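Colleague: Handing you a structure now.
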Amino acid sequence: MKVRTPRVRKLLAALESNWQTEMTGHHTYLALAREDADPIRKRTLEHMAESEAEHAAAWAGRIAELGGDAPRYKGKPNGDADSLANRLGGKRMALRRLEIDESRAIAHYGQQLKELEDEPSLAILRRVIDEEREHYIELGTLVREHYPRRQAEAAAASPQALLSELLARRSGSGRQAAGWIGDAIYGVNDGLGAIFGIVSGVSGATVGNSHYVLLAGIAGMIASALSMGSGAYLAAKSEREIYEAEVERERETIEMNAPESRELLSLYYQVKGLPEDDADRVVDHIARDKKQFLRALSAERLNSTEDALPNPATSAVSGAISTAVGAFVPIIPFFFMRGYEAIIVSAVVSLLAHFAVGAAKSLITVRSWWASGFEMTLVGAVEGVVTYVIGIGLGHIGA
């Protein structure tokens, strides 16, 4: 009878659980691949099944080194592929569920990095986590970016032309423009909505006393503008830092396993419709330049490029100024009017501004300008009425 310490028993239990998880994934991917008529998706699923089997073999090897019993698979022959949810939801839902499972596995393994006090097991964990991240990205590509196949004449085009088409389609210039426009539109929206609410509430409480409305409105405008500007700056800066960290991770992965990285990039291009031979030739050509290869792989893995990232300073300025502009609109009438006249004019001007902002939102959304404008106007009207009534109530309480 083998005598094991509590620490070893706990470690073996964790490793066997990992082995069962990987084997379930292996059988699930294999079953889905067998049923998939799409050759590119089929190959991608088979590739992930092989990777899961390698992970399981690594865990089994470590279990043997620790003197544990050889684990036996306790799951179903087809893993989770035959689950009721997958059968009812179809292929797309099955892939989406697998994507979620991969994200949970990454989180679980990340927790084990903090808990397992066994360096060989930790080394396996680090490698497995990196590869599970690749699976997560690959599944996301299959779920959301599976473009229709090119026709024969398009497939016959040169790899350089096809790659140029792909890169043009992924160009960051459009996203960058939409980024600051979006910051500006939502800044105006935020400022207008927040200060219209303040102005309505204070007007209800003070019967449109211009002095108090202007004090509250201007203070709120300044606070909202600074808050939006600083928030936009920090968000853009964090996004850039995360991107740079992920690119550095990609660089390390390429250095450790260049052939696998080339295969991964080729699979990305194949999923988007490029024939296998052409995809391999394109990747071989790109891989001659390490910087270009890193840039291409990062663009596919992260679904972004450095040029597409928002500029923190631009985001801060556009966010702050647009919020201040939106916030200033409801308080303008109170510079020239008093009482109910100022309240009514402010409400009309603010609702018109709400409609204009809603219509402007159609520049970066797919909704019609009138529907978006009407929705914003309705929201603004409800907000104004509610805060005005609350203000009246608070005014009576104060009295």
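Sequential numbering of the sequence shown, starting at -10, is according to the working numbering. The beta carbon of each residue, even a glycine, is placed where N, CA and C say it ideally should be. From a predicted model like this one, the values you see are computed outputs, not experimental measurements.
Over the uninterrupted alpha helix (DSSP H) stretch that includes residue 304, give me the two end residues.
Modeller: Note, residue 304: alpha helix (DSSP H), 301 to 317.
Colleague: Figure out for me which residue from 246, 307, 233 has the closest Cα to the Cα of residue 220.
Modeller: It is 307 whose Cα lies nearest to the Cα of residue 220.
Colleague: Taking three-plus beta-carbon pairs below 8 Å as touching, is the segment 46 to 58 in contact with the segment 75 to 95?
Modeller: The segment 46 to 58 vs the segment 75 to 95: no contact.
Colleague: On the CB-based measure, 16 or more other CB atoms within 10 Å of its CB, does residue 382 come out buried or exposed?
Modeller: Exposed, since its Cβ has fewer than 16 Cβ neighbours within 10 Å.
Colleague: Using 8 Å as the threshold, is the segment 52 to 61 in touch with the segment 19 to 26, meaning 3 or more CB pairs across them?
Modeller: Contact fails: fewer than three Cβ-Cβ distances are below 8 Å.
Colleague: Count the other CB atoms within 10 Å of the CB of residue 179; is the residue buried (16 or more) or exposed (fewer)?
Modeller: With 16 or more other Cβ atoms within 10 Å, it is buried.
Colleague: Assuming residue 347 contacts residue 361 under a Cβ cut-off of 8 Å, what Cβ separation, rounded to an integer in Å, is found between them?
Modeller: The Cβ separation is near 4 Å, so the contact holds.
Colleague: Under DSSP, the alpha helix (DSSP H) around residue 26 begins and ends at which residues?
Modeller: From DSSP, residue 26 is part of no alpha helix (DSSP H); its letter is neither H nor E.
Colleague: Pick out whichever of 188, 384, 201, 33 has its Cα sitting closest to the Cα of residue 130.
Modeller: Nearest option by C-alpha distance: 33.
Colleague: Indicate the three-state DSSP secondary structure (helix, strand or coil) for residue 178 in the structure shown.
Modeller: Correct three-state label for residue 178: helix.
Colleague: Excluding sequence positions up to five away, which residues of its chain have a Cβ less than 6 Å from the Cβ of residue 148?
Modeller: Caution is warranted here: a pLDDT of 46 is assigned to residue 148, below 50, making its placement in the model unreliable, and the coordinate value is therefore given only provisionally. Cβ neighbours of residue 148 beyond the five flanking positions: 267, 270, 271.
Colleague: Could you tell me the alpha carbon to alpha carbon distance between residue 393 and residue 298, rounded to whole angstroms?
Modeller: Nothing about residue 393 can be read from this structure; the chain reaches only from -10 to 388.
Colleague: As a quick exercise: from 104, 188, 239, pick the residue whose alpha carbon is nearest that of residue 338.
Modeller: Considering only alpha carbons, the answer is 188.
Colleague: Give the DSSP-derived three-state secondary structure of residue 394 in the structure shown.
Modeller: Because the chain here runs from -10 to 388, residue 394 falls outside it and cannot be looked at.
Colleague: Enumerated in chain order, which unbroken segments of the alpha helix (DSSP H) with a length of 4 residues or greater are wholly contained in the segment 30 to 117?
Modeller: Qualifying alpha helix (DSSP H) stretches, in chain order: 73 to 104.
Colleague: Can you check the segment 218 to 288 for any beta strand (DSSP E) of at least 3 residues that lies completely inside it and give the ranges in chain order?
Modeller: DSSP runs (the beta strand (DSSP E)) wholly in the segment 218 to 288: none.
Colleague: Roughly how many angstroms separate the alpha carbons of residue 60 and residue 295, rounded to a whole number?
Modeller: Those two C-alpha atoms are separated by around 46 Å.
Colleague: Beta-carbon within less than 7 Å of residue 125's beta-carbon, same chain only, minus the 5 sequence neighbours each way: which residues are those?
Modeller: Only 88, 91, 92, 95 meet the Cβ criterion.
Colleague: Do residue 85 and residue 132 have their beta-carbon atoms positioned less than 8 Å apart in this structure?
Modeller: A contact, by the Cβ cut-off of 8 Å.
Colleague: Contact defined as beta carbons within less than 8 Å: I believe residue 373 pairs with residue 313. What is the distance between those atoms, to the nearest angstrom?
Modeller: In fact, because the Cβ distance is near 20 Å, the residues do not count as touching under 8 Å.
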